[in-house]
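K.L.:
Take 1 as the starting number for the sequence shown in our numbering and just add one per residue.
Note that beta-carbon positions come from the ideal geometry of N, C-alpha and C, so glycine has one too.
Just so we're clear, the structure is a prediction, and the values are computed from it rather than from any experiment.
Would you mind keeping the following structure in view while I ask a few things?
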Amino acid sequence: MNAVVVAVLVMLILSLVRVNVVLALIIGGLVGGVTGGLTLNETIEVFSGGLGGSAEVALSYALLGGFAIALSKTGLPNLLVEGVLGIVHKNGDSTRKKYSKALIVVAILAMACLSQNLIPIHIAFIPILIPSLLKLMNELKIDRRLIASVLTFGLTAPYILLPVGFGKIFQDIIATNMADSGMVVNSSDIPIAMLIPTAGLVAGLLFAIFVSYRKDRGYETKEMEALEQGTRSKRGIVFALISIVGALVVQLLLDSMIFGALAGILILYVSGSIKWKEADELLTEGMKMMAFIGFVMLSAFGFAEVLKETGHVDSLVQQAARLIGGSQSLAALLMLVVGLLVTMGIGSSFSTIPIIATIFVPLAMELGFSPIATIALVGTAAALGDAGSPASDSTLGPTAGLNVDGGHNHIWDTCVPTFLHYNIPLIIFGWIAAMVL
């Protein structure tokens, strides 16, 4: 039995039966390592060795959580939603509520999309904006599964398609690794190749909005002490805005979320927008809010390291190749399914491209796929790791914002909806792209 298949299935099954994702990743990694021929001690050693690779990510999210809580104390997030609250409370008729729902969905979608390209802050905006909107969303009875789907779409579709911001990084990685694997491609062809797979994401988003989650869903509104509005002043709001700009500038200049978040926090404290005596408590609360992401990312890196060490990723592809028998249509489908298994476990499209390209490119060349079709296969297979994976920051980010009050489950309210609405269309539309390009 292939260790990758076993490890991913164990991890997913445990997650679906509500075993904590961190435990599911650890147990899945151990089972996968032993299945792949490693001893238990070797598996533990490899898993532990892989944890160090995510230390920077975990610290980044912890500081972003502290920055989010500090911003909430200035009253800025509350100010952003008061206008919409005024519209809803002024006249509670159903038509106005529909407009308010649409406004919230469109605003969150726009922010998520911009976070990948124009303002490349990735998930940093989620713990700042989403918790402050929860009370309003509860009043409007917006299904949080819809918001999770909207956020995940905005965190994935733009970088897959557009060669700007994170999209440029993603597409550069594709071009570089395909060239290293023997197929030189034109970077300008990558957006064209990814257009059809992205259309699958759009179809999934529209289905989520207008079919799956269009009905009202009630939630219990709970008071969240960490997110209570602070004493608001014009000066505090001004410095809150300055801190956001400062955090973004530092992040872009130093290419570090850690120092970006640190810069934002320091601006708020030095300006007096946040009291020094509250600093320790605020940072602790913020780190608690984002701790879940940090621990999952730590476990995911260890899990991925075990899968790589077994060498069963290569054997998985070889087994699939033996089933193909020269059929391009079957080859495209099996390559995408293999990509799904690999990336669901690792949870990062950027990290899995080198693994997938090394294996898929020679196979695609042997079967006669065109360069642009091969791009579609590699890009789509990598993207499958973002939507639906319990270990992806594109699902962990939405959960961190939507579950601040304990009303949103990571697996059933984020991962399952995003898997159904995005991974299934990605496989279908990715297969179509490979066949027609």
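In whole angstroms, what is the alpha-carbon distance linking Ala70 and Val306?
P.N.:
Along the sequence shown, one-based indexing puts residue 70 at 70. Along the sequence shown, one-based indexing puts residue 306 at 306. CA-CA distance, Ala70 to Val306, rounds to 38 Å.
K.L.:
By DSSP, does Tyr213 sit in helix, in strand, or in coil?
P.N.:
To locate residue 213, count along the sequence shown from 1; it is residue 213. Note: Tyr213 maps to coil in three-state DSSP.
K.L.:
Could you pull out every residue in the same chain whose Cβ sits closer than 6 Å to the Cβ of Phe47, ignoring the five residues on either side in sequence?
P.N.:
Within the sequence shown, numbered from 1, the residue matching residue 47 stands at position 47. These residues qualify, in order along the chain: Gly29, Gly302 and Val306.
K.L.:
With a CB to CB cut of under 6 Å and the five nearest residues on each side skipped, what residues in its chain are close to Tyr159?
P.N.:
For the purposes of this step, residue 159 is taken as the residue at position 159 of the sequence shown. Excluding residues within five positions, the ones whose Cβ falls inside 6 Å are Gln116, Phe166, Gly167 and Phe170.
K.L.:
Taking the C-alpha atoms as reference points, what is the distance between Ile411 and Gly182?
P.N.:
Within the sequence shown, the letter at position 411 stands for residue 411. Within the sequence shown, the letter at position 182 stands for residue 182. Taking the straight line joining both Cα atoms gives about 39 Å.
K.L.:
Does the Cβ-Cβ distance between Ile382 and Gly339 come in under 8 Å?
P.N.:
Taking the sequence shown and counting its residues from 1, one reaches residue 382 at position 382. Taking the sequence shown and counting its residues from 1, one reaches residue 339 at position 339. Residue identity differs from the one stated: residue 382 is Ala in this sequence, not Ile. Yes; because the gap between Cβ atoms is below 8 Å, this pair is in contact.
K.L.:
When the Cα of Gly204 is compared with those of Thr74, Asn423, Trp431 and Val436, which residue comes out closest?
P.N.:
Taking the sequence shown and counting its residues from 1, one reaches residue 204 at position 204. Comparing alpha carbon positions, the residue from Thr74, Asn423, Trp431 and Val436 closest to Gly204 is Asn423.
K.L.:
Alpha helix (DSSP H) containing Ser394: first to last residue?
P.N.:
What you label residue 394 is simply residue 394 of the sequence shown in a count that begins at 1. It spans Asp393 to Leu402 - the alpha helix (DSSP H) in which Ser394 sits, taken as one unbroken run.
K.L.:
With contact counted as at least three CB pairs below 8 Å, one residue from each stretch, are the segment 138-148 and the segment 187-200 in contact?
P.N.:
no
K.L.:
Return the CA-CA distance between Met439 and Val22, expressed in angstroms with no decimal places.
P.N.:
In the structure displayed, the chain extends from 1 to 437; residue 439 sits before or after that span and is not available.
K.L.:
Could you work out which residue in Ser187, Leu136, Ala179 and Met178 is closest to Leu439 when comparing CA atoms only?
P.N.:
Outside the shown range of the chain, which is 1 to 437, sits residue 439, and nothing can be said about it.
K.L.:
Determine the contact status of Lys73 and Ile356, defining contact as a CB-CB distance below 8 Å.
P.N.:
Taking the first residue of the sequence shown as 1, we reach residue 73 at position 73. Taking the first residue of the sequence shown as 1, we reach residue 356 at position 356. It is not a contact, given that the beta carbons lie outside the stated cut-off.
K.L.:
Report the option in Tyr269, Val270, Leu253 and Leu248 whose CA atom is closest to the CA atom of Ala261.
P.N.:
Translated into positions along the sequence shown, residue 261 becomes position 261. It is Leu248.
K.L.:
Mapping DSSP to helix, strand and coil, what is Pro425?
P.N.:
As a first step, residue 425 is located in the sequence shown; it is residue number 425 there, counting from the start. Reduced to three states, the DSSP call for Pro425 is helix.
K.L.:
Alpha carbon to alpha carbon, what distance is there between Val342 and Gly272?
P.N.:
By one-based count along the sequence shown, residue 272 stands at place 272. By one-based count along the sequence shown, residue 342 stands at place 342. Cα to Cα, the separation comes out at about 48 Å.
K.L.:
Since Val31 is in the alpha helix (DSSP H), which residue starts that stretch and which ends it?
P.N.:
Numbered from its first residue, the sequence shown carries residue 31 at position 31. Counting along the chain, the alpha helix (DSSP H) containing Val31 begins and ends at Val21 to Thr35.
K.L.:
Among Ile265, Ile432 and Val31, which has the Cα closest to the Cα of Val4?
P.N.:
Position 4 of the sequence shown holds residue 4. Closest by alpha carbon: Val31.
K.L.:
Should Ile174 and Ile190 be called a contact, given that it needs their Cβ atoms to be closer than 8 Å?
P.N.:
Taking the first residue of the sequence shown as position 1, residue 174 is located at position 174. Taking the first residue of the sequence shown as position 1, residue 190 is located at position 190. Cβ distance < 8 Å, so Ile174 and Ile190 count as in contact.
K.L.:
Using a threshold of 8 Å, state whether the C-beta atoms of Ile324 and Leu330 are closer than that.
P.N.:
Looking up residue 324 in the sequence shown gives position 324. Looking up residue 330 in the sequence shown gives position 330. Yes, Cβ-Cβ distance for Ile324 and Leu330 is below 8 Å.
K.L.:
How far does the alpha helix (DSSP H) with Ile174 in it reach, from first residue to last?
P.N.:
Within the sequence shown, residue 174 is the residue found at index 174, counting from 1. Start and end: Phe166 to Asp180.
K.L.:
What span of residues does the alpha helix (DSSP H) with Thr221 cover, start to end?
P.N.:
Numbered from 1 along the sequence shown, position 221 holds the residue referred to as residue 221. No alpha helix (DSSP H) holds Thr221; DSSP gives it neither H nor E.
K.L.:
Take Leu16 as the anchor and find which of Thr414, Glu56 and Thr380 has the nearest alpha-carbon.
P.N.:
By one-based count along the sequence shown, residue 16 stands at place 16. Nearest option by C-alpha distance: Thr414.
K.L.:
So, under 8 Å CB-CB, Thr156 and Asp386 are touching, yes? Tell me the CB distance rounded to an integer number of Å.
P.N.:
For this step, residue 156 is matched to residue 156 along the sequence shown. For this step, residue 386 is matched to residue 386 along the sequence shown. Between Asp386 and Thr156 the Cβ distance is about 5 Å, and since that is below 8 Å, they are a contact.
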